[in-house]
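Trainee:
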Amino acid sequence: MSHHCHATACKTEVPPEMLMCRKHWYMVPRELRMRVWATYRRGQCDDWKPSGAYCEAAKAAVIAVADKEGIEADVSLYEVFGRE
0 MSHHCHATAC
10 KTEVPPEMLM
20 CRKHWYMVPR
30 ELRMRVWATY
40 RRGQCDDWKP
50 SGAYCEAAKA
60 AVIAVADKEG
70 IEADVSLYEV
80 FGRE
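Heads up: the sequence shown is residues 0 to 83, going by numbering that gives the first Met the number 0.
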């Protein structure tokens with residue numbers, strides 16, 4: 000299964016357990032990167048059941064990168080998971 004960087008408009012392929020490509024990941028503030036990893040659960044990419052805490056952290060990371068790039072963040076994926 001193909002998986003790409005979750006940064007808005009980035010199409011770089013990354014392993015499923017990675018939220019973003021290296022370039023975008025290091026644009027995320029360190030504290031937020033730590034929160035993403037702290038809330039990540041092995042297998043969540045397979046069963047499509049990430050925690051609410053992970054979705055909040057990942058959404059914040061996507062927004063942080065988009066802010067640095069001066070674009071509007073696409074966080075629609077996290078809004079879908081937030082409704083479940």
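Every residue, glycine too, gets a C-beta built ideally from N, C-alpha and C. Keep in mind the model is a prediction, meaning the values are calculated, not measured.
1) With Tyr77 and Lys58 assumed to form a contact (beta carbons below 8 Å), what rounded beta-carbon distance in angstroms separates them?
2) For His3, list the residues DSSP reports as bridge partners.
3) Do you know offhand how far Ala52's Cα is from Thr38's?
4) Using 9 Å as the threshold, is the C-beta distance between Arg32 and Ala60 below it?
5) First and last residue of the alpha helix (DSSP H) that includes Lys58?
6) Rounded to whole angstroms, what's the CA-CA distance from His3 to His23? Just pull it up for me.
Mentor: In short:
1) Confirmed, about 4 Å.
2) Partner(s): Glu12.
3) Distance between Ala52 and Thr38, taken at the CA atoms: about 6 Å.
4) Closer than 9 Å, so yes.
5) Note, Lys58: alpha helix (DSSP H), Gly51 to Glu68.
6) Computed Cα separation, rounded: 12 Å.
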